[in-house]
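Below: one structure, written as structure tokens.
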Amino acid sequence: HEPAGGVGLYAVQSGPLGVVTTDAEGHLLYRSDADTADPSASTCDDACMDTWFPMLMPETGEPELLGVDPEVVGRLERADGGVQLTIAGWPVYRHVEDTGGLTDAGRHGVDGHWAVTPSGERVVAP
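Take the sequence shown: its position 116, counted from the start at 1, is 116 in the working numbering, and no numbers get skipped.
Written out as structure tokens, the structure is:
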């Protein structure tokens, strides 16, 4: 289904990674060790954005949340003017090669990017 505004954050049991957060199309969402949560700040721009797409919000509307506490969902105004979603203050991204289907294709932990739990923590694979 398509959430209002086209943006959703869903808590999903993924198998090898446990409970992860995805967008409405089933892309795994990640947080970066290079960013900060307090205050929320993204260091991903230019070349980084060729690989890691910021999870952006339209100007109006709220994301659809399934299994994600609205209290931990926030927004960050990026230097490029976009509004990026955050979970527990951490800016969230999806990987350019992710086609959905809850597979991280080995990207979990690469270059300091980690699949993110619905509470904003790094996923710790069982």
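C-beta: ideal position from N, C-alpha, C; glycine also.
These figures come from a predicted structure and were not determined experimentally.
- In the displayed model, E71 falls within a helix according to three-state DSSP.
- The distance from the Cβ of L28 to that of R122 is about 13 Å, inconsistent with a contact at the 8 Å cut-off.
- By alpha-carbon distance to D46, the top candidate from P39, V92, P54 is P54.
- Separation of G74 and T86 (C-alpha to C-alpha, rounded to the nearest whole angstrom) is 5 Å.
- The way I'd put it, the segment 14 to 22 doesn't touch the segment 36 to 46; fewer than three beta-carbon pairs between them come closer than 8 Å.
- DSSP assignment within the segment 24 to 54 yields the following whole beta strand (DSSP E) runs of 3 residues or more, N-terminal first: 30 to 32, 52 to 54.
- Around P91, the same chain offers D35, S42, L76, Q84 as residues with beta carbons nearer than 6 Å, after the five sequence neighbours per side are excluded.
- One Cα belongs to G112, the other to Y30, and the distance between them is close to 10 Å.
- CA-CA distance, T51 to D98, rounds to 10 Å.
- Spatial neighbours of L66 in its own chain (CB-CB distance under 6 Å, excluding positions within 5 residues in sequence) are listed in chain order as Y10.
- Under the DSSP definition of a beta bridge, E62 lacks any partner.
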